[in-house]
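If you count by numbering that gives the first Met the number 0, then the sequence shown holds residues 0 to 440, one letter each, in order.
The C-beta atom is built at its ideal place from N, Cα and C for all residues, glycine as well.
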Amino acid sequence: MSDADFQKVARTSVNEFVGKEYHDKAVIDRFVSIFSYIVNDVSNEAGWGDLKGALREDPKIVRAFYLAVAPNLFEPIAEYLAKKKFYRRDSRVVIEKPLGHDLESSVEINDGVAKIFREDQVYRIDHYLGKETVQNLLALRFANMLFEPIWNSAHIDHVQITVAETVGAGTRGYYDESGALRDMIQNHMLQLLCLVAMEPPASDDANALRDEKLKVLRSLKPIANGEVSKMTVRGQYRGISSETVSVNGYQDELPDDKKGVARKRLSRSKRRLKIGVGRACPFICAPASAWPSGCPRSASSSNPFLIRSLITPKGRRDPIRLIIRLQPDEGVKLMMMIKDPGPGGMRLREVPLNLSFAQTFAERTPEAYERLLLDVIRGNQTLFMRRDELEAAWKWVDPIREAWEASSDPTQIYTAGTWGPTASIALIERDGRTWHEDELT
Ligand code: BG6
């Protein structure tokens, strides 16, 4: 591409992704004019000279190198950046996954980059941390007195994190090497888990938040080899073909030489967190005298109409549920018990308190990468993974993958467009709970 061609791509993208109300031709012209396109074989010293003309020398301009490259190229690129004098002591390097395929290879990458860049210059990007709703988790938890006192294992029964996608693996060749465990769980889902489970950071310093996330990762119980088949389910979608609908299966999407295993192509695309408050107990409304012994609140409250957790003689009822919709239709839903209107005694009904961010905030929600790129320029590492976090995540994930690789258990096949393998339903039901996929809207 020529610079002009590349600038055209930039202009088209701005026009497509930035709302019309923000279009200011002079600003867009100025913005696209700074793009240039340089082809460089990064492993060959000869090409590096061309970069010189493209980088401005003004020391006040932040130099950020964004490396979305194959894992074996991080180290040589870092070294060339130094050797060719593009590196400065205040430059930043952004590195994007895959940051290795296991603990050992991620240590190698981190060591390679660390030969040149100090840890406070390294930005390991996970775009989930840039999502507005993911950051909102922190606000929801720590800025609302309602939640903070009960956000602990004495009150929260369990947490469900659902990342469901309608897209398939498609033509993304790397997916077959990586699989969902490396592509989504080792990074995005463990980061979500950290934000749900961590203690409040001591300050707003980047390291304070990352220290707390690290404690969560280091506290995760390892899943022992013998437990992996009981505690995990791996699935692969198969295609459907009828008169009205035709969807490729995973194997159909692979090139012929790679037919071989992925939670994609589900019925809906959703990123959700569901938190069940009420420890292994249902919530009902009953006079305190009726609370069974063992109910955590029976000794402490005399208000007969407080909703309290206990097991009723009539059987279980669901605990209070908090659903955080990360994407799409971003928002928060808290299921509340209210009295059914009218005569007939105290009949309770569950209704949602439903907050939609789109309705509450008229402004456009920035894309995750917008926030993160700005943070790189501003030098704020809060929403980037620190080396020890990345390595702790691999350490937890590796034994699962190793057990899968050694296992002769078949991968569970599910039909594209459904909610995944039925074995995943059995998985949670063995634990006496259910997935609440119906509530995710
Ligand atoms: C990427 C994964 O990191 O995240 C993809 O490599 C996945 O496989 C994507 O589809 C999901 O991102 P989002 O923002 O749509 O949830």
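### Query
How big is the Cα-Cα spacing for L426 and T231?
Whole-angstrom Cα-Cα distance: 7 Å.
#### Entry: Segment limits, alpha helix (DSSP H) that includes A25
24 to 31 is the extent of the alpha helix (DSSP H) around A25.
### Distance cut-off 7 Å: Q326 Cβ against heavy atoms of the ligand BG6
Checking every heavy atom of the ligand BG6 against the Cβ of Q326, one is found closer than 7 Å.
### Query
Quick one: what does DSSP say P97 is sitting in, helix, strand or coil?
It is coil, neither helix nor strand.
#### Entry: Coil, strand or helix - A53 by DSSP
Note: A53 maps to helix in three-state DSSP.
### Query
Looking at the unbroken beta strand (DSSP E) that takes in M332, where does it start and where does it end?
According to the sequence provided, residue 332 is Lys. The question's Met does not apply to it. Here the beta strand (DSSP E) through K332 covers 330 to 338.
### Query
Quick one, which of P58, T161, P221, Y174 has its alpha-carbon nearest E401's?
It is P221 whose Cα lies nearest to the Cα of E401.
### Task
Per DSSP, which residues does S355 bridge with? Please list them.
Partner(s): G330.
### Message
What I want to know is whether the C-beta of M183 ends up closer than 7 Å to one or more non-hydrogen atoms of the ligand BG6.
### Response
For the ligand BG6, at least one heavy atom lies less than 7 Å from the Cβ of M183.
### Message
Taking only three categories from DSSP, how would you classify S297?
### Response
Legend: pLDDT at S297 = 36, less than 50; position of this residue unreliable, no value from coordinates given.
### Query
Count the other CB atoms within 10 Å of the CB of D4; is the residue buried (16 or more) or exposed (fewer)?
Classification for D4: exposed.
### Task
Confirm, please, whether the CB-CB distance from P97 to P75 is below 8 Å.
With respect to the 8 Å criterion, P75 and P97 are not classified as neighbours on the basis of their beta carbons.
### Message
Taking only three categories from DSSP, how would you classify E164?
### Response
In the displayed model, E164 falls within coil according to three-state DSSP, outside both helix and strand.
### CA-to-CA distance, K338 to S301, given in whole angstroms
At S301 the pLDDT is 36, less than 50, meaning the model places this residue with poor confidence and gives no usable figure here.
### Query
Count the other CB atoms within 10 Å of the CB of W290; is the residue buried (16 or more) or exposed (fewer)?
Unreliable positioning characterises W290 in this predicted model, as indicated by a pLDDT of 39, which lies under 50. The coordinate reading is nonetheless provided below. Taking all protein chains shown into account, W290 has 16 or more neighbouring C-beta atoms within 10 Å of its C-beta and is therefore buried.
### Task
Verify the contact flag: R270, CB atom, against every heavy atom of the ligand BG6, threshold strictly below 7 Å.
For the ligand BG6, at least one heavy atom lies less than 7 Å from the Cβ of R270.
### Query
Hey, would you say L325 sits closer than 8 Å to A163, going by beta carbons?
Note that the C-beta distance between L325 and A163 is not below 8 Å.
#### Entry: Buried/exposed call for F360, threshold 16 Cβ in 10 Å
Residue burial is scored here from C-beta neighbours: F360 has fewer than 16 other C-beta atoms within 10 angstroms and is therefore classed as exposed.
### Query
Quick one: what does DSSP say V244 is sitting in, helix, strand or coil?
Three-state result, V244: coil.
### Message
At a cut-off of 7 Å, would you count E329 as near the ligand BG6, judging by its Cβ distance to the nearest heavy atom?
### Response
Look at E329: its beta carbon is at least 7 Å from all of the heavy atoms in the ligand BG6.
#### Entry: Cβ distance (whole Å) where L371 is taken to contact H126 below 8 Å
L371 to H126, Cβ: 7 Å. Contact.
### Task
Give a yes or no on contact between the stretch 208 to 222 and the stretch 410 to 423, applying the rule of three or more CB pairs nearer than 8 Å.
The stretch 208 to 222 is not in contact with the stretch 410 to 423.
### Task
Return yes when at least one heavy atom of the ligand BG6 lies under 7 Å from the C-beta of V13, else no.
In terms of side-chain proximity, the C-beta atom of V13 is found no nearer than 7 Å to any non-hydrogen atom of the ligand BG6.
#### Entry: Three-state secondary structure assigned by DSSP to Y65
DSSP places Y65 in strand when its eight states are reduced to three.
### Task
Determine the DSSP secondary structure at V17, reduced to helix, strand or coil.
In the structure shown, V17 falls within a coil segment according to DSSP collapsed to helix, strand and coil.
### Spatial neighbours of L139 in its chain, beta-carbon cut-off 8 Å, leaving aside the 5 residues before and after
Excluding residues within five positions, the ones whose Cβ falls inside 8 Å are F146, I323, V331.
### Query
Mind checking whether the beta-carbon of E131 lies closer than 7 Å to any heavy atom of the ligand BG6?
E131 Cβ: outside cutoff for every heavy atom of the ligand BG6.
### Task
State buried or exposed for S245, treating a residue as buried only when at least 16 other CB atoms are found within 10 Å of its CB.
That one is exposed.
### Query
Say the cut is 7 Å; is the CB of V166 nearer than that to a heavy atom of the ligand BG6?
Yes, since a heavy atom of the ligand BG6 falls inside the 7 Å radius drawn around the Cβ of V166.
### Query
Is the beta carbon of L50 less than 8 Å from the beta carbon of F85?
With contacts defined by Cβ atoms closer than 8 Å, L50 and F85 form a contacting pair.
### Task
Evaluate I60 with the Cβ neighbour count: other Cβ atoms within 10 Å of its Cβ, from every protein chain shown; 16 or more gives buried, anything less gives exposed.
By the neighbour-count rule (16 or more Cβ atoms within 10 Å), I60 is not buried but exposed.
### Coarse secondary structure for R181, derived from DSSP in three states
Of the three classes helix, strand and coil, the one that applies to R181 here is helix, per DSSP.
### Task
Determine the closest residue to D387 out of R123, A63, R237, with distance taken between C-alpha atoms.
Distances from the CA of D387 to each of R123, A63, R237 were compared; the closest alpha carbon is that of R123.
### Task
Starting from T414, follow its DSSP beta bridges and name the residues at the other end.
Its beta-bridge partners are R237.
### Task
Please determine, among P199, S12, R181, Y236, the residue with the shortest C-alpha to C-alpha distance to T165.
Looking at the Cα atoms, Y236 is the closest of the given residues.
### Supposed contact pair L272 and V396 - C-beta distance, whole angstroms, cut 8 Å
No, V396 and L272 are not in contact; Cβ-Cβ is about 20 Å, not under 8 Å.
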